[in-house]
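Engineer:
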Amino acid sequence: MPDLSDPRARAMLHHGVHGQRFLPQGFELGSMRMDNGWPRFRSKYMSTEEIENIARMQQAATHINDPYIDDYYHQACLARKSAGAQLKHHFCPTLIRDPSSRARSKDEPHAYLQVDALGRLPFSSMRRPRPLLDVEQTSESSDDITEKSASKTLDQEPMLAARITIEDGLCLLLDVDDIDRLLQFSQQQDGGLQLRNRRQTLLEQLAESLQLVDPLTPSNHAPLLPNDDLVFLRIVSLPKGRKLLSRYLQLVISGSELARIACMAVFRHLRFIFGNLPSDSSTAMTTTKLASVVSTCVVRLELSGLSACLAAIVCSSLQPPLRPLGHAAGDGASVIIKSVLDRATELLTDQHVASTYSMQNRTLWQASFDAFFELLTEYCTSKFDSVIHALQTQPAATAVISREMPVELLRASLPHTNEHQRKQLISFAQRTMPVNNHSSLVSYSGPMTSESIPSSDSRKK
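Take 1 as the starting number for the sequence shown in full-length UniProt numbering and just add one per residue.
#1: How would you write the range of the alpha helix (DSSP H) that Arg97 sits in, first residue to last?
#2: Are the beta-carbon atoms belonging to Ile273 and Val299 less than 8 Å from one another?
#3: Look up Tyr45 in the DSSP assignment and say whether it is helix, strand or coil.
#4: At what residue ranges does the stretch 351-395 contain a whole run of the alpha helix (DSSP H), taking only runs of 4 or more?
#5: Under 8 Å between the Cβ atoms of Phe178 and Ile96?
#6: Just verifying my parser: in three-state terms, what is the DSSP assignment at Cys92?
#7: Tell me the residue span of the alpha helix (DSSP H) that contains Met159.
#8: Whose C-alpha, out of Lys289, Leu301, Phe372, is nearest the C-alpha of Ser311?
#9: Touch check for the stretch 364-378 and the stretch 411-424: three-plus C-beta pairs under 8 Å?
#10: Nearest to residue 478 by CA position, among His352, Thr345, Leu425, is which residue?
#11: Can you give the Cα-Cα distance for Glu257 and Val266, rounded to whole angstroms?
#12: Would you mind working out which of Ser334, Asn361, Val335 sits nearest Leu347, comparing C-alpha positions?
#13: Which residues mark the beginning and the end of the alpha helix (DSSP H) in which Asp214 is found?
#14: Pick out whichever of Arg163, Glu204, Arg196, Ile337 has its Cα sitting closest to the Cα of Leu375.
#15: For Ser355, is the classification buried or exposed, using 16 other Cβ atoms within 10 angstroms of its Cβ as the cut-off for buried?
#16: Rounded to the nearest angstrom, what separates Ala344 and Gln250 at their Cα positions?
#17: At a cut-off of 7 Å, would you count His89 as near the ligand ZN, judging by its Cβ distance to the nearest heavy atom?
#18: Assess contact between the stretch 178-192 and the stretch 224-232, defined as three or more Cβ pairs (one per stretch) separated by less than 8 Å. Is contact present?
#19: Inspect the beta-carbon positions of Leu322 and Ala333 and report whether they are closer than 8 Å.
#20: Between the C-alpha atoms of Met264 and Thr94, what's the straight-line distance to the nearest angstrom?
#21: Under a three-way DSSP split, which group does Thr417 fall into?
#22: Met405 by DSSP, collapsed to three states: which one?
#23: Below 8 Å on the Cβ atoms is my contact criterion, and I expect Leu270 with Pro320 to pass it. Report the Cβ-Cβ distance as a whole number of Å.
#24: For Leu203, count neighbouring Cβ atoms within 10 angstroms of its own Cβ and tell me buried if that reaches 16, exposed if not.
#25: Quick check on Leu78: does DSSP put it in helix, strand or coil?
#26: Less than 8 Å between the C-beta atoms of Ala329 and Ile261, yes or no?
#27: Look at the alpha carbon of Leu301 and the alpha carbon of Gly255, and state the distance between them as a whole number of angstroms.
#28: Which whole-angstrom value describes the C-beta separation of Leu244 and Leu174, a residue pair presumed to lie in contact below a C-beta threshold of 8 Å?
#29: Specify, as a first and last residue, the run of the alpha helix (DSSP H) that Ile313 falls within.
#30: If you draw a straight line from the alpha carbon of Ser246 to that of Tyr72, how long is it in whole angstroms?
#31: Report buried or exposed for Thr201, applying the criterion of at least 16 other Cβ atoms within 10 angstroms of its Cβ.
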């Protein structure tokens, strides 16, 4: 049987008959010909049919003949380039794989890549990395044994566990993508009900893996503790974890409970996630995209979900980074907070939508906003006083105040303020007048006015 892996044999086959006298022993130039697309070989000890049967068995075992599996990345690029075109073959799976097979592979003592008919091939995995060096000490003191027992194994390191959770979560989201494509391009006998239920189960499973806490659940009467979000914080501390969260928020159903729970987790930790924009451009882009995705998710929530998000800000143990839009240190927190305020303005000024909200929903929103507005005004006053105290010259103070004051958040808050809160804003603007000659803090341009939404005082009457 000719060994085509030998470069000399390939070169001589390419040159044709001119290199016949240089062919290696046992190689026959006419030993290969094409028949119905299959290469034909002749061997001293095996017939052509036997070789073809072996080749077909290997082909069947290693190639499924499904481009979605064999050539996933290339097919994904083609589908992205031809988006909207009428294609004969759509980019979607023929079937959804059984999740139990993945669960079984996780529990195996060694990480392997399963190949159906060719046995098991060793496959490196971050779940159980191979040791670089095995060292056996002949004698160990008691102190060394105590220190070794106290140290954690690699499997027990928290950040390794976070990375494993991220990888597992990305695999779950790939399964959700498969279900979405199958629902889009195929007709299901039950209308896709079974696939949609499975999709929801996968998203709920990922929420459990992230250990997202829902403080609004009826069974959760105890207040949130600092360690309740420990796993979530470890995951979002990694750039890949923020990508996972962004993708998760894009796949959850808009306005669903899962979306609200995930958004509340983000709002509880605005300082941790958006405190400082990373210096690395790729990581900074990931953080900026997360803010954009959360903002898009927020604008699809109802009033009760918006109230919960504002309440999560107030209940946070860390002061949120309330910066103006476009700030050099990052404006992700201000972007998503402004989205909450703008969404609430949209809902409460739409007469058809506002009439469907009960007094309890309105009261909950106003209470959450009042607590946030107090936090916002305290921050602005403290920032203004610190700038005036640090900078005695008027031009320098004017530049710093215009650069540090969250004017967009103050403007977005105006439609929801009552009379007392508006007086606070006017008083604060008058204090800034000698420094800043224009009252941009309280100016509001647009069809909305503060009287468009009934204040909390008028609702009590």
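Quick reminder that beta carbons are idealized off the backbone N, C-alpha and C, glycines included.
Structural biologist: Let me spell this out:
#1: Premise fails: Arg97 is in no alpha helix (DSSP H) and is neither H nor E.
#2: no
#3: coil
#4: 351-354, 359-390
#5: One detail in the question is off: residue 178 reads as Asp in this sequence, not Phe. Their beta carbons are under 8 Å apart, which means Asp178 touches Ile96 by this criterion.
#6: coil
#7: 158-185
#8: Sequence check: residue 311 is Ala here, not Ser. Nearest of Lys289, Leu301, Phe372 to Ala311, Cα basis: Phe372.
#9: yes
#10: Here the chain covers residues 1 to 461 and nothing more, so residue 478 does not appear.
#11: 14 Å
#12: Asn361
#13: Asp214 -> no alpha helix (DSSP H), and no H or E assigned at all.
#14: Ile337
#15: exposed
#16: 21 Å
#17: The model depicted lacks the ligand ZN and carries no ligand whatsoever.
#18: no
#19: yes
#20: 37 Å
#21: coil
#22: coil
#23: 4 Å
#24: buried
#25: helix
#26: no
#27: 5 Å
#28: Actually they are not in contact, since the Cβ atoms of Leu244 and Leu174 sit about 11 Å apart, beyond 8 Å.
#29: 303-314
#30: 22 Å
#31: exposed
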